[in-house]
Amino acid sequence: MKKILLYASLATTALFAGCDLNINDDPNYPMNNQVTADLIFPSISASIASAVGGEIYNYAGFFAQYYEQKPESNQYNTLCEYTFTESSQQMDYSYRILFAGALEDAKQVLEKTTNPADRFATTILKAYAFQIMVDNTSESPYSEALQGNANATPKWDTGETVYRGILGEIDAAEAALDGSDMDVPDLIFNKNIAQWKGFANALRLRMYLRFIDANIDAASYTEKVKTLVQNNDFFTGDVKLDCFLDETDKRNPWYNTNAVGLTGNHCAAYPLISYLSSTEDPRIAYGISKTDADGKYVGQLPGGKTHMQSILGTDNWKNRNVSAIDYSIGATKPVYFFTQAELQFLIAEVYARFHNDDTKAKIAYEAGVTADFAVRGFAGQENTILEGACAWSDATTQADKLNLIYMQKWVALFYMDHMEAWSEIRRTDCPKLSSYSAAQIQANESVYTPGELVAPWTNGLEAGGLMKRMTYPLSARQQNVNTPTGVPGSTPVWWDIK
């Protein structure tokens, strides 16, 4: 029954790909009064997965410097080189599917059921969808969104306003719980309210830390994260949508686009390969292929494809034979909303930064590494790095310990949750940006510190550096006069102001 509901939901989300939708329209409900909450609820997670596990997953993976454009292909050159514009519509599909799909579905469920448990789970998914939107564009329609013809041009609220709003909604929905079980079919936690509470607390932890690092009510949010971590009331396992099959229209969305719909465009990025190689991490074999030329793992410098081709020609390009991303593991891969590894690394950060508890920070750090090794099928091999290059005991200062946590989080989110990888890079400034240019590294690799990010060789940002936000959706601008004026991709989102 779960899979039937999922595939029906995914079939609905597929309709959005070729449509120009107003986010206030109601495209799924031509006979709205006859559609019940139990039929709608599964499509919330399906729509979110289509965005977070598809289009957003793809471009965030470039921004996190997990992969680059293959030398022999051209589909994503503008993503690698930051030369895309609003007209490129890089997140238009995701914008439509989040609003006209997931958030409209959430609205409908909240209007159709009085069951507190169903409303709580729905509110959490709603909050997660808004968090994703804000972390991309900094602002988002929120307080006036989803009102249909009553307000076809909603204002865009600040990211801080949206974060505070959705956190308040989660608190209110949880306070209303009365012990009732869920009535709607649940594709994520199988109606386990304790797990939903744990997911809510993890989202709180994630968002509270962003308030702290934006220096907004930092003292208050510091106490909140300390209490959350001490109470340790979080989900077990991973928060994921895990119902995909290797069959037509039933595959993982990123795989379906890139391994089925396209010829294959992704090769491994230089920062990821250099770090995994330097730490002798066996996870380098997960989702990355050795080169055909010499059977090694080789990463491509960010944004260097066009530049090196123009100088040397494809045949003489140093990194022409780079490691391809292995799509074969992706057909049935779940879409992750929150991994256990990320959760443990956030817990480790709180213990290290705010509790000054080295013992508990170490336990959480090692639990994060262990969880990631296990989910990739490398269980039992984690001591390769925990007793080697990434040993907690070798980190003597708080800064060193946090660097270990952040770097391992970056590794653990590869091929799992690229959106959160990009967000956490922006929040923590780790991996840090190399002080050397791609050209300098190309000329002399010894100047490079493994794992540091590299400003793209061809860089469309006037200020240089790394991508800090996504453009506003073109469809939003065309339909809503209140869409904010476009800003450069080098402009940080609201919580990235250091």
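Residue 1185 is where the sequence shown starts when you use this note's numbering, and the numbers rise one by one after that.
Every residue gets a Cβ at the ideal spot worked out from N, C-alpha and C, and that includes glycine.
Item to complete: Less than 8 Å between the CB atoms is what I'm expecting for Trp1679 and Phe1395, so what's the real figure, rounded?
Response: Mapped onto the sequence shown, residue 1679 falls at position 495. Mapped onto the sequence shown, residue 1395 falls at position 211. Sure, about 7 Å apart at Cβ, within 8 Å.
ask   = Of the choices Gly1382, Pro1255, Asp1289, Arg1661, whose alpha-carbon is the least far from that of Phe1521?
value = Here residue 1521 refers to the residue found at position 337 when the sequence shown is read from its first residue. Out of Gly1382, Pro1255, Asp1289, Arg1661, Gly1382 has the C-alpha closest to the C-alpha of Phe1521.
* Determine the DSSP secondary structure at Pro1676, reduced to helix, strand or coil. => Walking along the sequence shown from the start, residue 1676 turns up at place 492. Correct three-state label for Pro1676: coil.
Next item on the list: Along the beta strand (DSSP E) that carries Leu1425, what are the first and last residues, could you check?
Entry: As a working note, residue 1425 is residue 241 in the sequence shown. Where Leu1425 is concerned, the enclosing beta strand (DSSP E) stretches over 1423-1425.
Legend entry - Segments of 4+ residues assigned as alpha helix (DSSP H) that fall wholly inside the stretch 1572-1638: Taking only runs of at least 4 residues, the alpha helix (DSSP H) segments lying wholly in the stretch 1572-1638 are 1582-1597, 1602-1612, 1622-1627.
Q) Which class does Ala1369 belong to by DSSP, given the choice of helix, strand or coil? A) The residue labelled residue 1369 in the question sits at position 185 within the sequence shown. The sequence shown places Pro at residue 1369, not Ala. Three-state result, Pro1369: coil.
**Closest residue to Tyr1131 among Leu1389, Val1236, Val1665, Ser1618 (Cα-Cα distance)** = Residue 1131 lies beyond the residue range present for the chain, which begins at 1185 and ends at 1682; the question has no answer from this structure.
*asked:* For a test of the three-state rule: what should DSSP assign to Ala1555, helix, strand or coil?
replied: Stepping through the sequence shown from its first residue, residue 1555 is reached at position 371. In the displayed model, Ala1555 falls within a helix according to three-state DSSP.
Among the residues of its own chain, which have a CB less than 7 Å from the CB of Asp1222, if the five just before and after it don't count?
The sequence position of residue 1222 within the sequence shown is 38, counting from 1. Correct list, in chain order: Asp1367, Val1368, Pro1369.
Quiz prompt | Own chain residues within Cβ distance below 7 Å of Ala1660, not counting five before or after | solution = Position 476 of the sequence shown, counted from the first residue, corresponds to residue 1660. Leaving aside the five residues that flank Ala1660 on each side, the residues in its chain whose CB is nearer than 7 Å to its CB run, in chain order, Tyr1279, Thr1667.
Per DSSP, Phe1683 forms a beta bridge with which residues?
Residue 1683 is absent from the structure shown; the chain starts at 1185 and stops at 1682.
| query | What span of residues does the beta strand (DSSP E) with Ala1452 cover, start to end? | reply | To locate residue 1452, count along the sequence shown from 1; it is residue 268. Start and end: 1450-1452.
Backbone CA spacing between Glu1629 and Pro1455 [nearest angstrom]: Position 445 of the sequence shown, counted from the start, is the residue given in the question as residue 1629. Position 271 of the sequence shown, counted from the start, is the residue given in the question as residue 1455. Rounded to whole angstroms, Glu1629 to Pro1455 spans 12 Å at the Cα level.
(Q) Beta-carbon within less than 7 Å of Ser1229's beta-carbon, same chain only, minus the 5 sequence neighbours each way: which residues are those? (A) Within the sequence shown, the letter at position 45 stands for residue 1229. Excluding sequence neighbours, Ser1229 sits near Leu1309, Leu1371, Ile1372, Leu1425.
| query | Mind checking whether Ala1555 and Lys1585 have CB atoms under 8 Å apart? | reply | Within the sequence shown, numbered from 1, the residue matching residue 1555 stands at position 371. Within the sequence shown, numbered from 1, the residue matching residue 1585 stands at position 401. Contact: no.
Margin query: Per the DSSP calculation, Tyr1266 is bridged to which residue(s)?
Written below: What you label residue 1266 is simply residue 82 of the sequence shown in a count that begins at 1. None, per the DSSP bridge assignment.
*Name the DSSP beta bridge partners of Ala1384, please?*
As a working note, residue 1384 is residue 200 in the sequence shown. According to the DSSP secondary-structure assignment, Ala1384 is paired through a beta bridge with no residue.
What residue does the alpha helix (DSSP H) around Tyr1279 start on, and which one ends it? If you number the sequence shown from 1, residue 1279 lands on position 95. Its alpha helix (DSSP H) spans residues 1276-1280.
**Study point:** Assumed close pair Glu1265, Gly1644 - CB separation to whole angstroms, cut-off 8 Å
**Key:** For the purposes of this step, residue 1265 is taken as the residue at position 81 of the sequence shown. For the purposes of this step, residue 1644 is taken as the residue at position 460 of the sequence shown. Between Gly1644 and Glu1265 the Cβ distance is about 6 Å, and since that is below 8 Å, they are a contact.
- Query: Should the stretch 1509-1526 be regarded as contacting the stretch 1538-1547, the criterion being three or more beta carbon pairs within less than 8 Å?
  - Reply: Taking 8 Å as the limit for Cβ pairs, the verdict is that the stretch 1538-1547 does not touch the stretch 1509-1526.
Do His1450 and Tyr1251 have their C-beta atoms within less than 8 Å of each other? As a working mapping, residue 1450 is identified with position 266 in the sequence shown. As a working mapping, residue 1251 is identified with position 67 in the sequence shown. Closer than 8 Å, so yes.
* To do: Please name the residue or residues paired with Ser1324 in a DSSP beta bridge.
  => By one-based count along the sequence shown, residue 1324 stands at place 140. DSSP, once it has assigned bridges, lists Asp1341 as partnering Ser1324.
**Message:** Can you tell me whether Gln1273 is helix, strand or coil according to DSSP?
**Reply:** For this step, residue 1273 is matched to residue 89 along the sequence shown. Gln1273: coil per DSSP, three-state reduction.
| query | CA-CA distance, Phe1766 and Gln1273? | reply | What the structure shows of the chain is the stretch from 1185 to 1682, and residue 1766 is not part of that stretch, so it cannot be assessed.
>> Among the candidates Lys1296, Gly1332, Glu1288, Arg1303, whose CA atom is the shortest distance from the CA of Phe1314?
In response: Taking the sequence shown and counting its residues from 1, one reaches residue 1314 at position 130. Distance check between Phe1314 and each of Lys1296, Gly1332, Glu1288, Arg1303 places Glu1288 closest, using alpha-carbon atoms only.
* **Straight-line gap, Gln1662 to Thr1337 (C-alpha atoms, nearest Å)** => Translated into positions along the sequence shown, residue 1662 becomes position 478. Translated into positions along the sequence shown, residue 1337 becomes position 153. Between the alpha carbons of Gln1662 and Thr1337 lies a distance of about 11 Å.
Output the distance between the C-alpha atoms of Ser1618 and Ala1605, rounded to the nearest integer angstrom.
Here residue 1618 is taken as the residue at index 434 of the sequence shown, counted from 1. Here residue 1605 is taken as the residue at index 421 of the sequence shown, counted from 1. Distance between the alpha carbons of Ser1618 and Ala1605: 18 Å.
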